[in-house]
Amino acid sequence: MAAQAAALLALLAVLVVTHSGASALPVVNNHTSAVRQLRGGGWQAAKATWYGAPNGAGPDDNGGACGFKNTNQYPFMSMTSCGNQPLFQDGQGCGACYQIRCTAKNNPACSGEVKTVMITDMNYYPVARYHFDLSGTAFGSMARPGLNDKLRHAGIIDIQFRRVACNHRGLTVNFHVEAGSNPNYLAVLVEYANKAGTVVQMDAMEANSGYWMPMRRSWGSIWRLDSYRPLRGPFSMRIRSENGRTLVANNVIPANWRPNTDYRSYVQF
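Structure, rendered in structure tokens:
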């Protein structure tokens, strides 16, 4: 009996220690994401690696798990990054902007200059709580003049990062109707949102219906609407950012819409 009591006390001690250790870290879930927690905060520690071509935008197709197109062009300009789950958040973190820097304490080739990157892809193999797997261009941009390749040769470094507002000057929110869309299935990529940069909900309204139909996230920054009957354009689109702000683009997708086509709105956060 004494042995059983001792074993029970030991088990309770383990449970208490485990619970105390777990409570020391903030819980990260889809409702209180790290992306939201980081907004407006100070510098935090992270690991950085890089992938793709040394002077590339990351993926060979200039895309990524967020679904953004042409990430080698404005406003991305190849300054992109994969984020691990606390940053990517199953696509909820797509489009978020972060300032990054590394100093000579991190690597002698580091400049200490602040650079801005956008989350465009998913990092499936994190090596730290916050892990930015940067494009070759973004990783090298943190180097002192002429030492870009030397810094990239390090492979993995410690960096500091903080969440900042996105500012895509000269751009309004764009809606790209994805390939494969048809009268009963509408898939739309939303991109170039300022401020928070992320979209947490998107709704569509058919012509003259007066009713907003909630869309669901398909993957990344692509939202979908499935219908048992043919949908009727033009479509108005409503998006909500993580800070609660809402934008409406009236009749932005015309009645004669086509798959794999951009439809630029006149609205912006």
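The sequence shown begins at 82 in the working numbering and counts up by one. Glycine included, every Cβ here is placed at the ideal spot set by N, Cα and C.
For alanine 127, the uninterrupted beta strand (DSSP E) segment begins and ends at 125-132.
Between alanine 285 and methionine 318, the C-beta gap is smaller than 7 Å, which places the two residues in contact.
Following the DSSP letters along the chain, one finds histidine 234 inside the alpha helix (DSSP H) bounded by residues 229-235. In the same chain as phenylalanine 157, and ignoring 5 residues on each side of it, the C-beta atoms closer than 8 Å to its own belong to Ala138, Phe149, Asn151, Met199 and Thr201, in chain order. Taking 7 Å as the cut-off, the Cβ atoms of methionine 160 and alanine 219 count as close. The beta strand (DSSP E) runs of length 3 or more contained entirely in the stretch 121-195 are, from start to end of the chain, 125-132, 161-164 and 178-182.
A distance below 7 Å separates the beta carbons of asparagine 275 and histidine 249. Under the Cβ criterion (8 Å, minimum of three pairs), the stretch 239-257 counts as touching the stretch 341-348. In the DSSP assignment, proline 295 is bridged to Asp284. As computed with DSSP, glutamate 272 is found in a beta bridge with Asn255. The beta carbons of valine 271 and valine 280 sit about 5 Å from each other, so the pair counts as a contact at 8 Å. Scanning Asp239, Trp300 and Gly227 for the CA closest to the CA of alanine 209 turns up Asp239. Apart from sequence neighbours up to five positions away, the residues of its chain that approach isoleucine 237 with a beta-carbon distance below 8 Å are Lys128, Ala129, Thr130 and Val208, ordered along the chain.
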